[in-house]
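Just add 369 to the spot in the sequence shown (first one is 1) and you have my numbering.
We put the beta carbon where it would ideally sit given N, CA and C, even for glycine.
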Amino acid sequence: MTNGTLNDILLDSEFQEYPYMVEEFAFDNAEERRKVRQSGTGWIEVIAGSMFSGKSEELIRRLNRARIARQRVQVFKPGIDERYSVEEIASHSGQKHMSIPVSSTAEMLNHVLDDTEVIGIDEAQFFDMAIIDAANALAESGKRVIIAGLDQDFMGKPFEPMPQLLSIAEFITKTHAICVKCGSTANYSQRTVESEERVEVGAADKYEARCRQCFIPHADAPTLM
Ligand SMILES: [Zn+2]
């Protein structure tokens with residue numbers, strides 16, 4: 370499932386075969402954010418969770434609401450993530466939003482416009498550690514910074530720089546998937562192809578959601594559905 374257009378991918382049967390996306394979003398701190406906004410400063414929101422937990426969907430939902438409110442929005446994603454499109458961020462369920470692919474934090478900062486009010490960053494686990502200072506600087510300059518990313522790698526280890534971003538955020542939303550083995554709340558991305566690389570970009574072709582009991586910190590055969 371690579372190199373296809375978004376339309377090809379939307380038609381891809383893998384999406385129909387993966388009906389386990391959570392549809393209810395976690396409490397998104399809207400009331401607390403309103404209070405921060407009144408003080409005129411910026412802030413950082415982090416949406417963290419496993420694959421198939423709805424992180425990108427929740428990011429896109431917030432960005433679309435900001436756009437409806439006529440706020441100026443810019444969205445970035447790492448150039449490494451070319452699963453769906455180099456011009457868009459997309460959730461596994463097919464929602465999408467225009468974005469700028471960048472190869473580093475420095476390149477992202479070069480693209481940020483002074484009058485931008487809301488910055489979205491997807492797949493933040495693929496950014497370099499400079500993203501931490503950059504997120505703080507953007508928030509301090511008055512911008513709302515919304516960051517989504519995988520909080521653990523395929524071995525269940527914290528996936529830098531997400532732990533640091535969670536620490537500096539005013540607001541955190543943890544999203545969960547559903548374990549495909551037993552139906553429990555899933556907090557892990559189970560790799561289903563043999564590879565020891567930390568970065569092995571893929572979706573339902575290489576990963577599935579698992580709970581703590583069913584997760585194995587190395588490759589395991591995919592669950593038959
Ligand atoms: Zn399970």
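Short of 7 Å from the beta carbon of residue 583, and not among the five residues preceding or following it, lie these beta carbons of its own chain, in chain order: 548, 550 and 551. With fewer than 16 neighbouring CB atoms inside 10 Å of its own CB, residue 404 falls in the exposed class. Look at which beta carbons fall closer than 6 Å to any heavy atom of ligand 1; those residues are 548, 550, 551, 553, 579, 580, 582 and 583. Looking at the backbone, the Cα of residue 524 and that of residue 574 are separated by about 18 Å. DSSP places residue 582 outside any beta strand (DSSP E), giving it a letter other than H or E. Residue 417 is bridged by DSSP to 518 and 543. Under the DSSP assignment, residue 473 falls outside any alpha helix (DSSP H); it carries neither an H nor an E label. Boundaries of the alpha helix (DSSP H) around residue 424: 424-437. About 4 Å separates the beta carbon of residue 417 from that of residue 520, a gap short enough to meet the 8 Å contact definition. Residue 587 carries a coil assignment under DSSP once its states are collapsed to helix, strand and coil.
Between residue 530 and residue 497, the gap from beta carbon to beta carbon is short of 9 Å. If you look at residue 558, you'll find it isn't in any alpha helix (DSSP H); it sits in the beta strand (DSSP E) that goes 557-560. In this model, residue 477 and residue 537 are separated by some 19 Å (Cα to Cα).
For residue 532, the uninterrupted alpha helix (DSSP H) run begins and ends at 531-537, by DSSP.
For residue 446, the pairing in a beta bridge is given by DSSP as 470. Beta-bridge partners of residue 489 (DSSP): 444 and 515. Counting only the Cα atoms, residue 534 lies some 12 Å from residue 412. In this structure, the beta-carbon distance from residue 442 to residue 517 does not fall below 9 Å. Assigned with DSSP and collapsed to three states, residue 401 falls in helix. Cβ neighbours of residue 586 within its own chain (closer than 6 Å, five residues either side excluded): 524 and 525. Remark: C-beta atoms of residue 427 and residue 540 do not approach each other more closely than 9 Å.
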